[in-house]
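In order, the protein sequences belong to chains A and B. Mind the numbering: the first sequence is residues 6 to 245 in our numbering, read in order. Mind the numbering: the second sequence is residues 342 to 649 in our numbering, read in order. A short write-up of the structure that comes next.
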Amino acid sequence: MDAMTETKVRELDLSETTLRAVNSLLQGRSVEGVDPLEAGESVVIRHARGAHAVAVGMDDPRRVVIQGSVGYFAAGMNQQAEVVIEGSAGVGVAENMMSGIVRVLGNASQSAGATAHGGLLIIKGDAGARCGISMKGVDIVVGGSIGHMSAFMAQAGRLVVRGDAGDALGDSIYEARIYVRGAVKSLGADCVAKEMRPEHVAELEELLTAAGFDDDPHEYTRYGSARKLYNFNVDNHSAY
Amino acid sequence: MCGIVGLHLRNPELHPRLGELLTGMLIEMQDRGDESAGVAVYGDPRWSPPGHMTVSFVPDAASRDLSSGISEHDAMTALSQALGSPVEVVDAGPTLVAHGPRSVGAGAMRDAIMTAFPKALIAGFGEHLAVLKGVGHPRDLAEAYGLPKAQGWQGVGHTRMATESAVVAGGCHPYTVGPDQCLVHNGAFHNFASVRRHLREKGITFYSQNDTEVGAWFVADRLAEGYDIETALKELLDTFDGGYTLLVSNTESFAVVRDAIALKPAVIAEHPDWVAVASEYRALVQLPGIDDALIYEPEPERIYAWTR
């Protein structure tokens with residue numbers, strides 16, 4: 006890359022600048038005494054030290070690299086931005102993401118990608134319980150394993166797990182598609198293993214490639230809704 | 342909500358820094374509860390000198406001040422008189438830490454405290470343990486306790502946001518119901534009244550309305566029946582309903598357990614020099630060598646224990 010096209014990088018240090026100021030800048034608001042970010046200007050955030058709600062609510066195409074581990078809700082509600090977390094993430098990373106890419110180089114805690122509508126969430130390590138809970142269109146690729154109750158009530162989107170899944174995978178799932186390479190400890194209510202048709206192999210290959218993995222998609226099993234909970238079964242009326 | 346922190350030092354070179362490190366961890370958890378905060382410290386030579394029985398107490402359980410208002414000298418005189426043998430007292434803000442010869446025993450020390458200070462709350466007892474309780478902001482309490490200067494091999498702390506009982510010193514964790522035993526709790530037990538009724542039938546007297554105290558007595562009761570800590574905690578998991586992370590300690594060990602669906606948070610960090618637990622990662626950031634530590638979240642219903 007020559008000097009003419011080199012992207013500008015702004016360094017923001019959370020040990021010097023408040024989290025509110027950093028998030029305001031990233032959201033395109035003015036902060037007294039600090040130059041606003043230019044369109045497309047990249048950002049490096051230093052000294053995250055486990056802080057909550059880092060880089061939330063962005064709505065611009067921009068690359069943001071967070072050095073260190075973050076607390077809860079990092080990159081929440083993201084739109085358009087590409088966020089790299091160079092550590093681990095706490096509860097609810099990329100929760101309610103609409104678009105863009107969030108990449109976690111370490112592990113993620115519970116509820117990663119919760120309720121997210123779009124975009125791509127990549128977790129290089131493991132994700133805790135409730136990964137993709139109530140996901141509504143996001144794509145999630147997990148390099149390691151995921152915890153219990155993942156994809157609970159998942160409505161749309163794809164969840165790819167290169168390792169194992171914990172208890173009650175896909176409980177009460179609607180139309181999301183889950184691909185797991187390893188073992189599934191148990192399936193939740195109405196979640197079943199399904200046939201891998203050519204279109205599933207193709208979309209899985211595309212997702213793995215987008216996330217930077219080159220696994221053989223044929224090693225994966227697809228899981229989805231048996232659609233038995235869509236209608237009330239009168240035989241169950243005594244249970245209510 | 343509440344926050345819990347625990348630090349178990351493997352490297353004796355760090356023992357002089359226990360209080361400083363624990364203070365930093367506790368203050369970082371103030372956002373999870375700033376109504377009261379308590380700590381337990383194992384092995385501080387000032388609070389619990391070797392060869393002594395130490396009993397920590399809040400002279401007036403209803404007090405909300407950062408100081409007990411009683412001088413070390415006055416407390417020493419009153420307790421020595423009530424006990425009939427010499428007792429030393431160290432001022433730790435709202436709590437006073439008394440120690441006498443080991444041969445006196447915890448029971449006699451507690452009786453002497455209740456005679457001299459009838460409104461007192463016994464915060465904890467044991468040969469190696471000081472338990473400090475009070476009402477106020479964690480930052481102010483840490484200062485009032487003199488926590489930054491504390492030394493030792495192990496410490497636990499709790500920042501409280503009350504759910505099941507009143508904001509008084511008696512509702513402040515850690516709970517010590519057996520010698521040198523401690524329990525702190527992030528979360529809530531929902532069926533604690535039923536379990537408490539059962540324990541009361543066995544003759545146990547509770548000194549607070551707090552749900553965590555029931556958990557502490559439950560563990561102590563099982564240990565007294567000869568269970569090891571792991572079996573006692575497994576039975577606790579089967580008996581108690583709710584969302585909780587527990588940190589249970591004694592002179593030798595340090596254990597962590599989470600409820601069946603991991604409703605409450607916990608992060609463990611293991612380093613060759615120490616093991617630490619906290620409700621959130623940010624409480625661990627300042628520990629020496631954190632970047633080299635193995636950091637993970639405990640799985641539900643699995644018991645993690647470390648022994649000295």
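Even for Gly, the Cβ is constructed at its ideal location relative to N, Cα and C.
- Shown here, Thr436(B) sits in a strand according to DSSP, grouped into three states.
- The beta carbon of Met417(B) lies closer than 7 angstroms to those of Val428, Glu429, Val430 in the same chain, with the five residues before and after it left out.
- The criterion of a C-beta distance shorter than 8 angstroms is not satisfied by Gly511(B) and Ser535(B).
- Runs of alpha helix (DSSP H) with 4 or more residues, each lying fully within the segment 17–46 of chain A, are found at 24–31, listed in chain order.
- The residues Cys343, Gly344, Ile345, Tyr585, Thr586, Lys605, Ser620, in chain order, have a CB closer than 7 angstroms to that of Asn527(B) in the same chain once the five nearest residues on each side in sequence are set aside.
- As the crow flies, the alpha-carbon of Leu635(B) is around 7 angstroms from that of His612(B).
- Judged by their CB atoms, Phe398(B) and Ala464(B) are nearer to each other than the 8 angstroms cut-off.
- Within its own chain, the residues whose Cβ lies closer than 8 angstroms to the Cβ of Phe530(B), once the five positions on either side in sequence are excluded, are Glu505, Val536, Asp552, Thr553, Val555, Gly556, Phe581, Asp582, Gly583, Tyr585, listed in chain order.
- Between the segment 405–420 of chain B and the segment 512–521 of chain B there are fewer than three inter-stretch CB-CB distances shorter than 8 angstroms, so the stretches are not counted as touching.
- From the listed residues Ala99(A), Val185(A), Ala134(A), the smallest Cα separation to Pro641(B) is found for Ala134(A).
- Residues of chain A with a Cβ closer than 7 angstroms to the Cβ of Tyr622(B) are, in chain order, Gly55, Ser74, Gly76, Gly95.
- Taking Glu43(A) as reference, the option from Asn28(A), Val197(A), Asp65(A) with the minimal CA-CA separation is Asp65(A).
- If you draw a straight line from the Cα of Ala132(A) to the Cα of Pro639(B), it comes to about 13 angstroms.
- Under the Cβ criterion (8 angstroms, minimum of three pairs), the segment 87–103 of chain A counts as touching the segment 111–124 of chain A.
- Between the segment 202–214 of chain A and the segment 234–243 of chain A there are fewer than three C-beta pairs closer than 8 angstroms, too few to call the two in contact.
- For a cut-off of 8 angstroms, the C-beta gap from Ala173(A) to His153(A) is around 6 angstroms, short enough to register as a contact.
- In the three-state DSSP reduction, Thr214(A) falls in the helix class (H, G or I).
- Counting C-beta atoms within 10 angstroms of its own C-beta, Tyr179(A) has 16 or more neighbours from the protein chains shown and is therefore classed as buried.
- Using a CB distance cut-off of 8 angstroms, Ser114(A) counts as an interface residue toward chain B.
- Straight-line spacing of the CA atoms in Gly379(B) and Gly496(B) works out to 11 angstroms.
- Nearest to Leu578(B) by alpha-carbon distance, out of His440(B), Val560(B), Phe466(B), Gly448(B), is Val560(B).
- The criterion of a C-beta distance shorter than 8 angstroms is not satisfied by Val39(A) and Ala58(A).
- Per DSSP, reduced to three states, the secondary structure at Glu100(A) is coil, with no helix or strand assignment.
- Bridge partners of Glu87(A) according to DSSP: Arg68(A), Ile106(A).
- Using beta-carbon distances, Ile636(B) counts as an interface residue toward chain A, with a partner under 8 angstroms.
- For Arg232(A), the CB contacts under 8 angstroms within the same chain, skipping 5 residues up- and downstream, are Asp195 in chain order.
- For Thr226(A), the beta-bridge partners assigned by DSSP are Val185(A).
- In the structure shown, Tyr548(B) adopts coil according to DSSP, grouped into three states.
- Within the segment 595–627 of chain B, Ile602, Ala603, Pro606, Val608, Glu621, Tyr622, Arg623, Ala624, Leu625, Val626, Gln627 place their CB atoms closer than 9 angstroms to a CB of chain A, listed in sequence order.
- Excluding five sequence positions before and after Leu625(B), the CB atoms of its chain that fall closer than 8 angstroms to its own CB belong to Met366, Val608, Ala610, Ala617, Ala619, Ile631, Ala634, Ile636, given in chain order.
- Around the beta-carbon of Asn532(B), fewer than 16 other beta-carbon atoms lie within 10 Å, marking it exposed.
- The criterion of a C-beta distance shorter than 8 angstroms is satisfied by Arg227(A) and Met201(A).
- Pro489(B) sits in a helix when the DSSP states are folded into three classes.
- Residues of chain B whose Cβ lies closer than 9 angstroms to the Cβ of Gly130(A) do not exist, since the nearest Cβ in that chain is about 10 angstroms away.
- Val472(B) is the residue among Ile454(B), Gly441(B), Glu542(B), Val472(B) whose C-alpha sits nearest the C-alpha of Gly434(B).
- Within chain B, no C-beta atom comes less than 8 angstroms from the C-beta of Ala58(A); the nearest is roughly 12 angstroms away.
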